[in-house]
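Written out below as C-alpha cells is the structure these notes cover.
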Amino acid sequence: MKRETRIALLGLLVPLAIVVLWQIAALMQKTPLFPGPGKVVLAIWANYPVILRELGITLLRAAMGFAIAAITMIPLGIFLGRIRLIGRVLEPLMDMLATLPPPAIIPLVMLFAGTGDWAKIVIIAYAAAVPLLMNTYEASHTIHPMLSKVARSLHLSRLETMRLIDWPSSLPMIATGARLAIASSLLVSVTSEMLLSTNGIGTYLQRSQENFRIDAGLAGIAFISLAGVLINAGVFRLEKRWLFWHYRDQRQSE
Amino acid sequence: MTIARYAEKLRVPICIVLVMGSWQLIYVLGMVPAKYFPSIFAIAVAFWQMLTDGAVISAWATTFLRALIGLVGAALLGIALAIISDLSPVMARGIRYVSDVLQPIPPAAFVPMAVFMLGLGPKLYAFVIILVTVWPPYLNGVSGLASVGAVQLNTGRMFGLTNWGLLWRVKLPAAMPEVFAGIRYAATISLIAVIVSEMLAGRDGIGFMIFKKAFALRTAEVFGLMFLVGFNGVLLNGLVNLLRRGVTGWHIRMMERHE
Chain A
4 MKRETRIALL
14 GLLVPLAIVV
24 LWQIAALMQK
34 TPLFPGPGKV
44 VLAIWANYPV
54 ILRELGITLL
64 RAAMGFAIAA
74 ITMIPLGIFL
84 GRIRLIGRVL
94 EPLMDMLATL
104 PPPAIIPLVM
114 LFAGTGDWAK
124 IVIIAYAAAV
134 PLLMNTYEAS
144 HTIHPMLSKV
154 ARSLHLSRLE
164 TMRLIDWPSS
174 LPMIATGARL
184 AIASSLLVSV
194 TSEMLLSTNG
204 IGTYLQRSQE
214 NFRIDAGLAG
224 IAFISLAGVL
234 INAGVFRLEK
244 RWLFWHYRDQ
254 RQSE
Chain B
5 MTIARYAEKL
15 RVPICIVLVM
25 GSWQLIYVLG
35 MVPAKYFPSI
45 FAIAVAFWQM
55 LTDGAVISAW
65 ATTFLRALIG
75 LVGAALLGIA
85 LAIISDLSPV
95 MARGIRYVSD
105 VLQPIPPAAF
115 VPMAVFMLGL
125 GPKLYAFVII
135 LVTVWPPYLN
145 GVSGLASVGA
155 VQLNTGRMFG
165 LTNWGLLWRV
175 KLPAAMPEVF
185 AGIRYAATIS
195 LIAVIVSEML
205 AGRDGIGFMI
215 FKKAFALRTA
225 EVFGLMFLVG
235 FNGVLLNGLV
245 NLLRRGVTGW
255 HIRMMERHE
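So the sequence lines, in the order shown, correspond to chains A and B. Under our numbering, the residues of the first sequence are numbered 4 to 257, in order. Under our numbering, the residues of the second sequence are numbered 5 to 263, in order.
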C-alpha cells in the first residue's frame with residue numbers, strides 16, 4: 004500500500020475512536036436525552052426527507068443573502084480601494100462594522116423587518132458583506148504599483164482600469180473573502196432561523212429540542228455538516244478552475 | 005493635498021461624526037418610526053441608566069468572562085492538537101477529518117442539543133465555545149509548525165537539541181506569529197458563540213439581555229447593548245494583541261525593522 008493511502012486510512016481511526024467513546028458514554032447514561040451515534044443514524048433514516056427539505060430552504064436563503072452581499076460589496080470594495088482618500092478615511096468605519104457580530108443584529112433586524120424571509124436574508128447579507136468588503140478593499144488598495152503604471156501608459160480611463168486591471172488582479176483575494184463569506188452566511192442562516200423561527204433547518208433543530216428528540220436534532224446537525232463539507236469542496240474546486248492562472252503564477256515564482 | 009492629509013489624520017472623528025450625523029438625520033427626518041429608531045441622545049441616556057442600574061455590568065462581566073475562558077481553552081487545545089499533528093502524520097490526518105466535519109456546524113446548532121446533555125451551567129458554554137473556536141489556532145498552528153525553515157532546524161540540531169528541544173525551543177516559537185493570527189480570528193468567533201448561546205439558552209449574559217429588551221421593544225437599550233458587544237470585541241482583541249506582543253515581540257520588532 005502507498006504511504007499516502009495508509010495514512011489516510013489510519014487517520015480514520017481518530018474519528019472512529021471518538022464515535023466509539025461517544026457510544027460508550029451514551030450507553031452509560033441510559034437516557035434518550037443523551038443519544039449515541041447508533042440512535043442518531045436511526046434518526047437520520049427516519050427523518051431525512053424532512054431534513055433535506057428544510058435544509059433546502061435554508062441553503063436557498065443563504066445563497067440569496069450571499070448574492071446580495073456580493074453584488075453590492077465587491078464593487079463598493081473596489082471603489083473604496085481605488086479612490087484612495089475616501090477609502091482611507093472610511094477605514095475605521097469598516098473596522099467598526101467588523102467588530103459587530105452578525106447574531107447581535109438579529110434582534111435589531113427583527114424590530115424593522117419582522118421575522119419573515121427578508122429579515123433573515125438581510126442578516127445573512129450583512130454577515131457575508133463584512134468579509135467580502137474587507138477583502139475586496141484590501142486587495143484593490145494594495146495592488147502592485149506596476150499594474151497602475153501599465154494602466155496609465157495604456158491610457159485607460161478610470162472605469163476601464165477598475166474593470167480590466169483592478170477586478171482581475173484582486174480576484175484571488177476576493178475569492179478568499181467569498182469563501183469566508185459563504186461559510187459565515189451558512190452559519191448565520193441557521194442561527195437566524197433558530198431565533199426567528201418559521202421554517203428551515205434551524206427551526207427544525209429548535210423544534211426537535213422542544214420535542215425532546217435530541218437524536219433527530221443531531222441528525223439535522225449531521226446534514227448541516229455534510230452540506231458544509233460539500234459546499235466547501237465545491238468552492239475550492241471552482242476557485243482552482245477559475246483562478247488557475249493565479250495558482251500557476253504562484254507556483255512558477257516559488 | 006493638505007486637505008487630504010488632514011482628512012486622513014482625522015479619519016476616526018470623521019467616521020464617528022458621519023455615523024452619528026446620518027443617524028440623527030434619519031431620526032429627524034422621521035424616515036423610520038422613532039419607536040424603532042431612537043435618537044442618539046435617547047440611546048446614550050438609556051445606556052447610562054443601564055450602567056448605573058448595575059444589571060448590565062454583571063451581564064457584561066458574565067459574557068466577557070465566558071468568551072475569555074472559552075478562548076483561552078480553545079487556544080491551548082488548538083496548540084496541543086497542532087503539536088500532536090506535527091509529531092504524527094496519522095494523527096494529523098485523523099484530526100483533519102474531525103475538523104472538516106465539525107467546522108461547518110454553527111455554534112447555535114449545538115446549543116439546544118447540548119443544553120440537555122450538559123445543562124445550562126458553565127459546561128455548556130465551555131463546550132460550545134471551544135468546539136467552534138479551536139479550529140483557527142489549530143489550523144494556523146499546523147501550517148506554522150510545518151513551515152519552519154530548514155536552516156533554523158539545522159541550527160537547532162547543531163546546538164545539540166533533541167527532538168523535544170527542537171519543538172519547544174525552535175519550532176513552537178517560530179510558529180507563534182501564525183498561531184496568534186488564528187487566535188485573533190478565534191476571539192471574534194468566541195464572542196459570537198457566547199452571544200448566540202446566551203440568546204438560545206436564555207438565562208443570563210448580554211446575549212439574553214439583548215433579546216429580552218428587543219422583545220420588550222426597548223429599542224434604545226438594544227442599541228446600547230449592541231454598542232457594548234462591539235466594545236467587547238475591541239477589548240478582547242486588545243488583550244490578544246497585548247499577549248502577542250509579549251510572546252512574539254521578537255517577530256513584530258523584526259517586521260518593523262524590515263519596513
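Every residue, glycine too, gets a C-beta built ideally from N, C-alpha and C. Everything numeric in this text was worked out from a predicted model, so none of it was measured.
Same chain only: Cβ atoms within 7 Å of A/Glu-257, ignoring 5 sequence neighbours per side
Only weak support is given to the placement of A/Glu-257: the predicted model assigns it a pLDDT of 47, under 50, and the question is left unresolved by the model.
What do you get for B/Gly-58, buried or exposed, if any count of 16 or more other CB atoms within 10 angstroms of its CB means buried?
exposed
Residues in the same chain with beta-carbon distance under 6 Å from A/Ala-72, minus the five sequence neighbours each way, listed in chain order, please.
Ala-128, Ala-131, Ala-132, Leu-135
On a Cα-Cα basis, can you pick out the residue from B/Ile-199, B/Lys-217, B/Ile-88 that is closest to B/Leu-1?
Residue coverage of chain B in this structure runs from 5 to 263, which leaves residue 1 of chain B outside it and unanswerable.
Exposed or buried, which one is A/Ile-89 when buried takes at least 16 other CB atoms within 10 Å?
exposed
Rounded separation between B/Ile-109 and A/Arg-216 - CA only:
19 Å
Helix, strand or coil for B/Lys-175? Go by DSSP, reduced to three states.
helix
Which value, in whole angstroms, describes the spacing of the CA atoms of B/Val-29 and B/Ala-86?
In the sequence as displayed, the identity of residue 29 of chain B is Leu instead of Val. Between B/Leu-29 and B/Ala-86, the C-alpha separation is close to 51 Å.
C-beta neighbour in chain B for A/Gly-68, strict 9 Å:
no
Can you pull the chain B neighbours of A/Thr-8, defined as C-beta to C-beta under 9 Å?
None at all; the shortest Cβ gap to chain B is about 11 Å.
What number of angstroms, rounded off, separates the C-alpha of A/Thr-102 from the C-alpha of B/Pro-111?
18 Å
Assigned secondary structure, A/Gly-203 (DSSP; H/G/I helix, E/B strand, else coil)
coil
Taking the alpha-carbon of A/Gly-220 as reference, which of A/His-147, A/Ala-49, A/Trp-248, A/Ala-181 has the nearest alpha-carbon?
A/Ala-49
Between B/Gly-228, B/Met-203, B/Gly-145, B/Phe-114, which lies nearest to B/His-134 when the distance is taken from Cα to Cα?
First, the residue type needs correcting, since residue 134 of chain B is Ile and not His in the sequence shown. Among B/Gly-228, B/Met-203, B/Gly-145, B/Phe-114, the Cα nearest to that of B/Ile-134 is on B/Phe-114.
Around the C-beta of A/Ala-154, are 16 or more other C-beta atoms found within 10 angstroms, so that it is buried, or is it exposed?
buried
Touch check for the region 230-239 of chain B and the region 156-168 of chain B: three-plus C-beta pairs under 8 Å?
no
From which residue to which residue does the alpha helix (DSSP H) around A/Gln-26 run?
16-32
For a contact meaning CB atoms closer than 8 Å, what does B/Thr-67 contact in chain A?
Neighbours of B/Thr-67 on chain A: none; closest Cβ ~11 Å, over 8 Å.
Validate contact between the region 116-123 of chain B and the region 113-120 of chain A using beta carbons, cut 8 Å, 3 pairs
no
Evaluate A/Pro-175 with the Cβ neighbour count: other Cβ atoms within 10 Å of its Cβ, from every protein chain shown; 16 or more gives buried, anything less gives exposed.
buried
Can you pull the chain B residues whose beta carbon is under 7 Å from the beta carbon of A/Val-232, in chain order?
Asp-104, Val-105, Pro-108
Looking at chain A, is there any beta carbon in it that lies within less than 9 Å of the beta carbon of B/Thr-223?
yes
Nearest residue (CA-CA) to B/Ala-8, options A/Gly-59, A/Ile-86, A/Phe-82, A/Leu-62:
A/Ile-86
In its own chain, which residues sit with a C-beta less than 7 Å from the C-beta of B/Glu-225, not counting the 5 before and 5 after it?
Ala-50, Met-54, Lys-217
Output yes if chain B places a C-beta closer than 9 Å to the C-beta of A/Thr-194; else output no.
yes
Members of the region 109-129 of chain A that neighbour chain B once the beta carbon cut-off is set at 7 Å
Pro-110, Leu-111, Met-113, Leu-114, Phe-115
Does the region 167-185 of chain A touch the region 24-34 of chain A, meaning 3 or more C-beta pairs lie closer than 8 Å?
no
Which chain B residues are close to A/Gln-209, counting only those with a beta carbon under 8 Å from its beta carbon?
Pro-116
For the region 115-158 of chain B, which segments carrying the alpha helix (DSSP H) assignment without a break, of at least 4 residues, lie completely within its bounds, in sequence order?
126-137, 139-150
Given a threshold of 16 other Cβ atoms within 10 Å of its Cβ, counted over all protein chains shown, does A/Ile-74 qualify as buried or as exposed?
exposed
Please report the residue range of the alpha helix (DSSP H) in which B/Ser-43 lies.
Where B/Ser-43 is concerned, there is no enclosing alpha helix (DSSP H), given that its DSSP letter is neither H nor E.
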